[in-house]
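Chemist: In my numbering, the protein residues as written are 90 to 230.
1) Just to confirm the assignment, what range does the beta strand (DSSP E) spanning residue 104 have?
2) In the DSSP output, what is residue 113 paired with across the bridge?
3) How many Å lie between residue 175 and residue 201 at the Cα?
4) With a 10 Å radius around its C-beta and 16 neighbouring C-beta atoms as the bar for buried, classify residue 179 as buried or exposed.
5) Run through DSSP, which three-state label would residue 160 get?
6) According to the neighbour-count rule (16 or more other Cβ atoms, all chains shown, within 10 Å of its Cβ), is residue 123 buried or exposed?
7) Between the stretch 128–147 and the stretch 162–177, can you find at least three pairs of beta-carbon atoms closer than 8 Å?
8) Measure the CB-CB distance between residue 166 and residue 182 and report whether it falls below 8 Å.
9) Taking the DSSP output, what are the residues bridged to residue 141?
10) Considering residue 122, what are the terminal residues of the alpha helix (DSSP H) in which it resides?
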């Protein structure tokens with residue numbers, strides 16, 4: 090870890106507790122703020138702070154994660170997360186979701202409503218049409 094030297098332009102070192110406290114202040118402005126790690130854990134738990142973690146495994150995990158996102162939307166739970174953590178295939182769908190939320194004028198609630206609808210949302214059908222699937226027919230022509 091780099092040390093702060095006091096020189097102009099030197100990086101300041103932040104501890105894990107410092108980072109968690111800063112994030113907590115952004116997520117819960119105006120609330121009681123933690124001083125120590127045990128305070129952070131207690132307050133985060135009391136406020137229902139939660140993360141959505143989408144694991145790796147390539148395109149199969151991205152497809153599975155899309156189903157998870159649709160199910161969370163159907164239950165009204167997708168907007169209840171404060172963090173998004175992704176890796177590999179989960180990163181495909183996680184970054185797609187973040188971009189959609191960012192570009193959607195209605196934000197996360199509008200995205201959740203679209204994911205919950207019975208018809209396929211435009212961002213999903215657009216991805217599907219951009220990447221046509223080629224299959225081997227089960228019966229020769």
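Using N, Cα and C, we set each Cβ at its ideal position, and we do this for glycine too.
Modeler: Working from what's here:
1) Stepping through the chain shown from its first residue, residue 104 is reached at position 15. That residue, residue 104, is in no beta strand (DSSP E); it is neither H nor E in DSSP.
2) Residue mapping note: residue 113 aligns to position 24 of the chain shown, counting from 1. BP columns for residue 113 are empty, so no partner.
3) On the chain shown, residue 175 is found 86 positions in, with the first residue counted as 1. On the chain shown, residue 201 is found 112 positions in, with the first residue counted as 1. The alpha-carbon atoms of residue 175 and residue 201 are separated by roughly 19 Å.
4) Residue 179 sits at position 90 when you count from the first residue of the chain shown. Buried.
5) The residue labelled residue 160 in the question sits at position 71 within the chain shown. Helix, per DSSP.
6) On the chain shown, position 34 is the one that residue 123 refers to. Buried, since its Cβ has 16 or more Cβ neighbours within 10 Å.
7) yes
8) As a first step, residue 166 must be located in the chain shown, where it is residue number 77. As a first step, residue 182 must be located in the chain shown, where it is residue number 93. For residue 166 and residue 182, no; Cβs fall outside 8 Å.
9) As a working note, residue 141 is residue 52 in the chain shown. 173.
10) Reading the chain shown from its first residue, position 33 is the one you call residue 122. No alpha helix (DSSP H) contains residue 122, which DSSP labels as neither H nor E.
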